[in-house]
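A.B. asks: One structure coming up, written as structure tokens, with questions to follow.
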Amino acid sequence: SFQIRNKDFNVIFNDLSSDEQLIIGYPCAWRKDVFMHGRIFLSMNYVFFYTCFFKWDQRLRIPYKDIISITREKSAKVIPNAIKLRTKNQDEYLFASYIPREKIFNSIFRLWQNSLLDQVIFYYYY
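The following block contains the structure:
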């Protein structure tokens, strides 16, 4: 449920300001050297990723204001299920999803655009 994910989010990323709230989280994989399965979390100001493999964990935080492009990509060069984020310092982050990619892409894109415009949005999921 959302309440459980929100609690997990606040435990994993415990150094956030109290006004940084989870909007939604999705299971996905992030490709660093290999794909690492975990969860992408979206808040008003950041894209987060978290994975834990045995006792090794990896946390990633990308401010929307640092993102310069968001593109639809293919994992394994043929499967159209990935999203690439590129930042101001030319870092690239490739996320592959297991649910329809468009839902994640649209969520990230909308939050990114609103962040660039310094607008507050109201995000509702039914």
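Just so we're aligned, residue 9 is where the sequence shown starts under this note's numbering, counting upward by one.
Ideal placement from N, C-alpha and C gives every residue a C-beta, glycine not left out.
#1: In the DSSP assignment, find the beta strand (DSSP E) that holds D136 and state where it starts and stops.
#2: Straight-line CA distance for Y132 to Q98?
#3: Would you decide whether W64 is buried or exposed? Buried here means 16 or more other CB atoms lie within 10 Å of its CB.
#4: Quick check: the stretch 47-67 against the stretch 15-25, are there 3 or more CB pairs under 8 Å?
#5: Report the residue from Q29, E110 and R39 whose alpha carbon sits nearest the alpha carbon of F49.
#6: When you compare only the Cα positions, how much space is there between K92 and I32?
#7: Leaving out the 5 sequence neighbours to the left and right, which residues in its chain are closer than 8 Å to I112 when beta-carbon positions are compared?
C.D. replies: Inspection of the coordinates gives the following:
#1: This structure leaves residue 136 out entirely; the chain is present only between 9 and 134.
#2: With a pLDDT of only 48 at Y132, under 50, the local geometry of the prediction cannot be trusted, and the value read off the model is given with reservation. Computed Cα separation, rounded: 32 Å.
#3: Here W64 is exposed: its Cβ has fewer than 16 other Cβ atoms, across all protein chains shown, within 10 Å.
#4: yes
#5: Q29
#6: 18 Å
#7: Correct list, in chain order: Y34, C36, I48, I91, F103 and S105.
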